[in-house]
Amino acid sequence: MRLVFDRIELADGHRARIDGSPGGEYAIDRFVVGVAPSIVAAHLLDRSAHSHAWSWSIAADSTVAQRLRSVSMVLRVVDVRGPVRMFRHGYQSWSPCDVAVFGAARDPSLADGSLELVRGVHQADQRVVTDRDELRSEWVTLLVDDAGVPTLVGFDGGDRHDGTFRLRNGAEGPELWCEAFLGDALLAAGDQRHLHDLLIAGGAPAE
Numbered sequence: 000m001r002l003v004f005d006r007i008e009l010a011d012g013h014r015a016r017i018d019g020s021p022g023g024e025y026a027i028d029r030f031v032v033g034v035a036p037s038i039v040a041a042h043l044l045d046r047s048a049h050s051h052a053w054s055w056s057i058a059a060d061s062t063v064a065q066r067l068r069s070v071s072m073v074l075r076v077v078d079v080r081g082p083v084r085m086f087r088h089g090y091q092s093w094s095p096c097d098v099a100v101f102g103a104a105r106d107p108s109l110a111d112g113s114l115e116l117v118r119g120v121h122q123a124d125q126r127v128v129t130d131r132d133e134l135r136s137e138w139v140t141l142l143v144d145d146a147g148v149p150t151l152v153g154f155d156g157g158d159r160h161d162g163t164f165r166l167r168n169g170a171e172g173p174e175l176w177c178e179a180f181l182g183d184a185l186l187a188a189g190d191q192r193h194l195h196d197l198l199i200a201g202g203a204p205a206e
């Protein structure tokens with residue numbers, strides 16, 4: 000199993016394609032997203048692991064304020080052997096954690112009679128997911144298939160915005176959305192937000 004960068008996408012569907020590894024500036028609707036390899040977060044990762052770290056930021060149009068719900072780096076999950084399992088990390092200390100099988104398990108927001116207030120306590124985004132197969136993890140996640148080599152993906156902090164990982168169906172197979180969730184924050188004209196670094200590491204087979 001491998002993760003391949005595909006695009007950067009806003010909550011409203013506006014997007015910019017990534018050709019290979021991300022790097023540079025991407026104009027998306029009324030925003031500009033900048034991405035660069037991270038030198039700050041590199042020390043957090045084990046040198047024995049195959050790892051990457053990316054810094055990114057988003058800036059609003061220079062002429063008018065803009066609301067921003069979320070921005071995501073979207074990675075395709077390719078070369079999968081068998082079902083993909085996802086470690087679902089809880090949003091708060093009291094939120095449950097578990098391992099879920101993509102395509103079989105369901106997001107808690109889809110439970111009969113789920114309440115928005117309760118959903119907001121246990122997830123950054125209180126809305127019901129739109130993809131029936133979608134699985135979410137907050138802050139950090141691990142993905143693994145039948146090859147038994149896990150991949151860790153996480154944000155290096157949580158004070159600038161919430162960080163949600165969404166495993167979803169895409170046009171060419173499963174996708175992992177690495178979402179900086181700002182909850183409709185108002186960005187002043189020309190305002191720039193530095194987002195938390197995205198960390199990706201693949202280790203040895205799980206024991």
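Quick note on numbering that gives the first Met the number 0: the sequence shown kicks off at 0 and runs consecutively. Just so you know, even glycine gets a beta-carbon here, dropped at the ideal spot from N, CA and C. Nothing here was measured: the structure is a model prediction, and the numbers come from that model.
Mapping the DSSP letters down to three states, classify His157 as helix, strand or coil. The residue asked about is misnamed: residue 157 is Gly in this sequence, not His. DSSP places Gly157 in coil when its eight states are reduced to three.
Nearest residue (CA-CA) to Leu181, options Gly169, Asp161, Glu174: Asp161
Applying the 10 Å Cβ sphere with the 16-neighbour rule, what's the burial state of Thr62? exposed
Spell out whether any CB of chain B is found under 8 angstroms from the CB atom of Asp106. Of the chains in the structure shown, none is chain B; there is only one protein chain.
Roughly how many whole angstroms lie between the Cα atoms of Thr140 and Gly19? 23 angstroms
Taking Gly119 as the reference, which of Leu142, Asp97, Tyr90 has the closest Cα? Tyr90
If we ignore side chains and look at the alpha-carbon of each, how far apart do Arg75 and Ala10 end up? 18 angstroms
Just reading off the beta strand (DSSP E) that Val100 is part of, what are its end residues? 97-100
Cutoff 7 angstroms; reference Leu194; Cβ partners in own chain excluding five residues on either side: Trp55, Ser56, Ile57, Arg159, His160, Ala179
Provide the residue span of the alpha helix (DSSP H) that contains Arg29, from first to last. Note, Arg29: premise wrong, no alpha helix (DSSP H); not H, not E.
Where Pro173 falls, given that 16 or more other Cβ within 10 Å makes a residue buried: buried
Quick check on Ser54: does DSSP put it in helix, strand or coil? strand
Counting pairs of beta carbons, one from the stretch 143-155 and one from the stretch 122-134, are three or more of them closer than 8 angstroms? no
Looking only at C-alpha atoms, which of Gly112, Leu197, Arg68 sits nearest to Gly156? Leu197
Which parts of the stretch 104-163 are runs of the beta strand (DSSP E), unbroken and 3 residues or longer, counting only runs that do not cross its ends? 134-137, 139-143, 150-154
Simplified DSSP assignment, three categories, for His42: helix
Length of the line joining the Cα atoms of Ile38 and Gly112: 46 angstroms
Member of Glu24, Val34, Leu151 whose CA lies at the smallest distance from the CA of Gly202: Leu151
Buried or exposed by the 16-neighbour rule on C-beta atoms within 10 Å, applied to Gln191: exposed
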